[in-house]
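One structure below.
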Amino acid sequence: MKRISTFSLIALVISCQLGVGVFMLPAYFARHASIGLFGWVIAGSVAMCLALIFAKLFTLFPDRAGVHVYVEAAFGRQCAFLIGWSYWIISVISNTALIVTAIGYLSSVFGSLSTFKVILLEFCMLMIVFLINLFGIGAAGIYGLFLVILKVIPLICIPILGLYLKFNYEHFIPFISDGENVWKVLQKTSFLAMWSFIGVEAITAPSISVQGSSKNVPKAIFWGTLSLVALYFINSVGVRAVVPVSVLADSAAPYSEAAKAIFVNAGRIDVIISFIAVIVCLNNLNAWTLSGGHLASNLADDGFFPSIFAKKNKYGAPYVSMFIASLLVFVFLVFCLQKRFIDQLELVIDVSVIIFLLVYAMCAVSLCLILAKKNRKISCRYAFMGLYVVVFSIFGICSNDIKTVIFAILAFLFSSAPLYIYLYLQRRKQGAR
1 MKRISTFSLI
11 ALVISCQLGV
21 GVFMLPAYFA
31 RHASIGLFGW
41 VIAGSVAMCL
51 ALIFAKLFTL
61 FPDRAGVHVY
71 VEAAFGRQCA
81 FLIGWSYWII
91 SVISNTALIV
101 TAIGYLSSVF
111 GSLSTFKVIL
121 LEFCMLMIVF
131 LINLFGIGAA
141 GIYGLFLVIL
151 KVIPLICIPI
161 LGLYLKFNYE
171 HFIPFISDGE
181 NVWKVLQKTS
191 FLAMWSFIGV
201 EAITAPSISV
211 QGSSKNVPKA
221 IFWGTLSLVA
231 LYFINSVGVR
241 AVVPVSVLAD
251 SAAPYSEAAK
261 AIFVNAGRID
271 VIISFIAVIV
281 CLNNLNAWTL
291 SGGHLASNLA
301 DDGFFPSIFA
311 KKNKYGAPYV
321 SMFIASLLVF
331 VFLVFCLQKR
341 FIDQLELVID
351 VSVIIFLLVY
361 AMCAVSLCLI
371 LAKKNRKISC
381 RYAFMGLYVV
391 VFSIFGICSN
401 DIKTVIFAIL
411 AFLFSSAPLY
421 IYLYLQRRKQ
431 GAR
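First residue of the sequence shown: 1, per the numbering used here; consecutive thereafter.
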């Protein structure tokens with residue numbers, strides 16, 4: 001068992017969710033009337049429901065962790081395998097997208113980079129995070145806490161200074177645009193905002209190796225997510241209060257526009273914002289490497305992955321699963337050097353989000369079923385939260401193109417087939433002995 005502070009756990013919760021998307025969200029929200037900001041209220045309430053659901057699930061299974069554990073208890077091993085496999089693949093895809101995004105921000109500062117330099121930078125980013133995580137969750141937590149502080153400071157300072165020094169209420173007029181469907185605006189903005197909370201559950205996988213996890217992890221999930229709800233809302237309001245909506249809606253760098261409006265002589269503020277974005281990417285990469293590695297190890301312990309994934313070093317780090325994941329990420333990165341593959345990667349990310357919503361809906365239902373199986377009273381609070389998450393997830397999935405939804409389900413079903421067959425044959429061999 002490793003000792004890790006509650007602040008480091010909260011930092012890991014924030015790290016899993018707070019990605020580079022936060023830099024573009026003010027621009028997306030500016031394309032709608034100010035009522036669209038209530039999309040944050042809807043998404044934030046869903047995120048808090050998920051935080052409470054996963055906190056409760058973690059307390060019910062203090063010795064086993066991961067979304068597959070909760071799904072297995074409610075729906076059986078077949079569903080648990082599919083969910084576990086899908087979730088692990090999503091973490092690999094997410095890490096690939098993070099590094100590609102980081103290189104994009106560096107290119108905006110240093111200009112076009114040669115193929116060799118791109119590969120070298122990507123390899124270095126991947127290896128640095130991999131090596132840090134080899135020293136266990138304690139080292140990853142300290143590193144994550146340091147990066148969270150670096151990236152959160154500007155995300156707090158810029159909007160607060162904007163609200164205090166340059167607030168312009170005219171940027172919030174009109175509240176509702178003529179001819180704009182309020183329901184569709186709230187639907188679009190709330191689903192867009194929800195993408196920023198993907199990963200609310202990720203800390204559950206590695207935290208069973210932490211001392212006092214049954215008390216500290218639920219607290220970290222709750223307070224970390226609540227902090228993000230406040231941070232996201234303040235940023236969307238603060239940036240909009242400073243930058244005219246007509247400028248903000250078409251801006252490729254909303255925070256640069258806000259900084260220039262607040263600080264008249266901002267200089268190359270875009271360079272600073274780009275470096276902050278790189279820090280955000282590295283922080284996200286660290287959190288997902290930790291979470292994905294431990295998830296694969298937990299899956300192996302439970303018989304859903306080959307046993308080699310469960311191997312750990314003296315620091316308790318699942319070095320084999322992290323190495324395999326990092327190797328897959330690097331292979332994806334090499335393919336990403338081709339523009340056609342990057343376009344396909346965007347589709348895969350959209351598909352991943354659909355799978356996330358499906359996972360969240362299943363975990364919400366799982367909690368109610370698990371409580372019922374344990375002969376415990378299902379409180380109205382958990383029943384309401386579960387229903388709320390399920391309804392939101394269904395609407396989120398249905399808002400996508402039907403072809404994308406079908407592709408998402410079939411892709412993860414067929415991609416898991418080889419591993420499922422391999423594990424089935426292995427169990428038959430062991431049974432024959």
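Beta carbons are placed, not taken as given, at the ideal position from N, Cα and C, and that holds for glycine.
The structure displayed is predicted, hence computed values, not measured ones.
About 30 Å separates the beta carbons of G238 and I142, which is beyond the 8 Å limit, so they are not a contact pair.
Within the segment 123–175, the complete alpha helix (DSSP H) runs of at least 4 residues fall at 136–165. The C-beta distance from L52 to M385 rounds to 6 Å, short enough to fall under 8 Å. 9 Å or more divides the Cβ of S86 from the Cβ of A202. In the DSSP assignment, K184 falls within the unbroken alpha helix (DSSP H) covering V182 to M194. Put simply, of P306, A80, F304 and A73 the residue whose alpha carbon is nearest the alpha carbon of A372 is A73. Inter-residue distance for M127 and V280 is about 17 Å (C-alpha atoms, whole angstroms).
F304 sits close to L423, with the two beta carbons spaced by under 9 Å. The beta carbon of P174 lies closer than 8 Å to those of A33 and S34 in the same chain, with the five residues before and after it left out.
Excluding its 5 nearest sequence neighbours in each direction, A55 has C-beta neighbours in its own chain below 7 Å: P218, I221 and F222, listed in chain order. The segment 402–409 makes no contact with the segment 100–114; the number of CB pairs closer than 8 Å stays below 3.
Counting the other Cβ atoms within 10 Å of the Cβ of K151 gives 16 or more, which makes it buried. Counting of Cβ neighbours within 10 angstroms places W88 among the buried residues, the total reaching 16 or more. The DSSP-derived three-state label of P306 is coil.
Counted as a single uninterrupted DSSP element, the alpha helix (DSSP H) harbouring G44 occupies residues F38 to L60. Using a 10 angstroms sphere on the CB of V391, the tally of other CB atoms stays under 16, which defines it as exposed. Exposed is the label assigned to W183, since fewer than 16 other Cβ atoms lie within 10 Å of its Cβ. If you compare the alpha carbons of I42, I409 and L295 with that of W195, the shortest gap goes to I42.
According to the DSSP assignment, I93 belongs to the alpha helix (DSSP H) that extends over R77 to F110. Excluding residues up to 5 positions away in sequence, A11, I14, S15 and N283 lie with their Cβ nearer than 7 Å to the Cβ of V148 in the same chain. For the 9 Å CB-CB criterion, T204 and V22 do not form a contact.
Take the alpha-carbon of A140 and the one of N286: they are about 7 Å apart.
Between A296 and A325, the beta carbon gap of about 7 Å places them in contact (Cβ cut-off 8 Å). Of the other Cβ atoms in all chains shown, fewer than 16 fall within 10 Å of the Cβ of P62; this residue is therefore exposed. In the three-state reduction of the DSSP assignment, F222 falls in the helix class, which pools H, G and I.
DSSP places G386 in the uninterrupted alpha helix (DSSP H) bounded by C380 to C398. DSSP places V331 inside the alpha helix (DSSP H), whose first and last residues are Y319 to F335. In the structure shown, the three-state DSSP call for V242 is helix.
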